[in-house]
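Numbering (our numbering), first residue to last: 285 to 534.
Even glycine gets a Cβ: it sits at the ideal position worked out from N, Cα and C.
Since we're looking at a predicted model, the values are computed, not measured.
The structure appears right after this line, and notes come after that.
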């Protein structure tokens, strides 16, 4: 009993001794968490500003889904630390450039070839909830990321599958992509994947986000390819740096 009393006394004495420090620690921790939460909220709001600037008619649900992407991609860590702060400009808005070129009709089926961590497929699936998207990539980890993000934000019109492009047998109205390979090589692989019937104002084909000088790459398609600088759609400096949307009818 004396041992218990002694232990109880020692514990009480230590608590009394360190109580001011503990209180200070909890106050500082609470302040930090509050600051971090407010800081993160400010970042998200700032990021959403650039989306709302060019897509002012989004529904509340779409805004909510887009806003969730920041925290998800920071946690999943498939975008470099150097670029994660530019997620909304360099990845989300970049992907959404395709929606400036075409307003997909409901029930349009779109294949995202070499989707990586979900771009352009996930932002486009948010914008066009009545269209159906399939995302494929040869890296299993990236497909798991796409499925986790889609599930987290409640995307019901998207599925991602671990497949190489040569293995994809489905038929689609459009194929979208972000510079996964040289365009002639890409067209050879996906020519089997286009539907013959048309339902959009733009004929079925490839919509590919590319950068740099494309003269040599597009030599074989110079008569049919349409190249649109992304600075046509967006006025941020990054988009003026040879960022382009290439459309090739099938």
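Within the same chain, Cβ atoms closer than 6 Å to the Cβ of residue 393 are found at 416, 456, 457, the five residues on either side in sequence being excluded. Only residues of its own chain outside the window of five on either side were considered, and among them 420 have a CB closer than 6 Å to the CB of residue 447, listed in chain order. Looking only at 387, 527, 426, 390, the smallest Cα-Cα distance to residue 516 is reached by 527. Burial check for residue 454: the Cβ neighbour count within 10 Å stays below 16, so the residue is exposed. Under DSSP, residue 399 takes part in no beta bridge, so it has no partner. Taken in chain order, the complete alpha helix (DSSP H) segments of 4 residues or longer contained in the segment 432 to 511 are 467 to 474. Beta-bridge analysis with DSSP links residue 418 to 395, 443. Put simply, the backbone Cα of residue 520 is about 29 Å away from that of residue 470. DSSP places residue 389 in no beta strand (DSSP E); its state is neither H nor E. As computed with DSSP, residue 528 is found in a beta bridge with 494, 513. Inclusion of residue 460 and residue 362 in the CB contact set at 7 Å is not warranted, their separation being larger than that value. Taking one beta carbon from each stretch, the segment 466 to 486 and the segment 369 to 380 have fewer than 3 pairs nearer than 8 Å; the two do not touch. Within the same chain, 426 come within 6 Å of residue 400 by CB-CB distance, once the 5 residues on both sides are set aside. The Cβ atoms of residue 529 and residue 493 lie closer than 7 Å to each other. When the Cα atoms are used, residue 436 and residue 491 turn out to be separated by approximately 27 Å. In the three-state scheme derived from DSSP, where H, G and I count as helix and E and B as strand, residue 407 is classed as helix. DSSP lists 489 as the beta-bridge partner residues of residue 533. For residue 358, the secondary structure class from DSSP, reduced to helix, strand or coil, is helix.
Classified as buried, residue 462 has 16 or more neighbouring CB atoms from the shown chains inside 10 Å of its CB. Excluding residues up to 5 positions away in sequence, 334, 520, 522 lie with their Cβ nearer than 7 Å to the Cβ of residue 373 in the same chain. Here residue 523 carries a helix assignment [DSSP, helix/strand/coil]. The alpha-carbon separation between residue 452 and residue 391 amounts to approximately 20 Å. The shortest CA-to-CA distance from residue 501 to any of 412, 354, 353, 532 is the one to 532.
Around the beta carbon of residue 349, 16 or more other beta carbons sit within 10 angstroms, so the residue counts as buried.
Sequence-distant partners of residue 386 (beyond 5 residues in either direction) whose C-beta falls short of 6 Å from its own C-beta, in its chain, are 486.
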